[in-house]
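**Q**
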Amino acid sequence: MGRSPCCSKVGLKRGPWSTKEDTLLTNFIHQNGEGQWRSLPKKAGLLRCGKSCRLRWMNYLRPGIVRGNITEDEEDLIVRLHGLLGNRWSLIAGRLPGRTDNEIKN
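Here numbering that gives the first Met the number 0 is used: the first residue of the sequence shown is 0, the next is one more, and so on.
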């Protein structure tokens, strides 16, 4: 059967994020902090689900995200940690400040 959905998907926007949506999300999080992702979209004035907001923040908008090529030192660390932790990319990314689990995995 599975879990019930966290929100009604009727009326929610899908697809690429606009600059206005990014600004609304960023401003709301700077004023109120992270967390309570389920209720955040309504409070921030967004027509997105909470999961979409969380992923957008964590993978694209969060300050401190390091973009660009992975250094040799980072790659060596990733290989060693993968040997210890397996495919637990979020745990591996947690040991590489500024890198997201998607960047580490891909």
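We put the CB at the ideal spot given by N, CA and C, even for glycine.
Per DSSP, what kind of secondary structure is Q35 in: helix, strand or coil?
**A** Along the sequence shown, read from residue 1 onward, the residue named residue 35 stands at position 36. In the structure shown, Q35 sits in coil (DSSP, three-state: anything other than H, G, I, E or B).
**Q** Leaving aside the five residues before and after L76 along the sequence, list all residues of the same chain whose C-beta is less than 8 Å from its C-beta, in chain order.
**A** For this step, residue 76 is matched to residue 77 along the sequence shown. Here the set comprises R94 and L95.
**Q** Which of the three DSSP states, helix, strand or coil, is assigned to L128?
**A** In the structure as shown, the chain begins at 0 and stops at 105. Residue 128 is therefore absent and cannot be evaluated.
**Q** Compute the beta-carbon to beta-carbon distance between L24 and L45, rounded to the nearest angstrom, for a pair I have assumed lies under 8 Å.
**A** By 1-based counting over the sequence shown, the position of residue 24 is 25. By 1-based counting over the sequence shown, the position of residue 45 is 46. Sure, about 6 Å apart at Cβ, within 8 Å.
**Q** Of the choices S17, L84, C52 and T99, whose alpha-carbon is the least far from that of G32?
**A** For the purposes of this step, residue 32 is taken as the residue at position 33 of the sequence shown. For G32, the nearest C-alpha among the options comes from C52.
**Q** Look at the alpha carbon of N50 and the alpha carbon of E71, and state the distance between them as a whole number of angstroms.
**A** Here residue 50 refers to the residue found at position 51 of the sequence shown. Here residue 71 refers to the residue found at position 72 of the sequence shown. The question names Asn, but residue 50 in the sequence shown is Lys. A direct Cα-to-Cα measurement between K50 and E71 gives close to 33 Å.
**Q** CB-CB under 7 Å to I103, same chain, minus the five flanking residues each way: which ones, in chain order?
**A** By 1-based counting over the sequence shown, the position of residue 103 is 104. Excluding sequence neighbours, I103 sits near I77, W88, I91, A92 and L95.
**Q** Spatial neighbours of H81 within its chain, please: C-beta separation below 8 Å, excluding the five flanking residues on both sides.
**A** Walking along the sequence shown from the start, residue 81 turns up at place 82. Around H81: I91.
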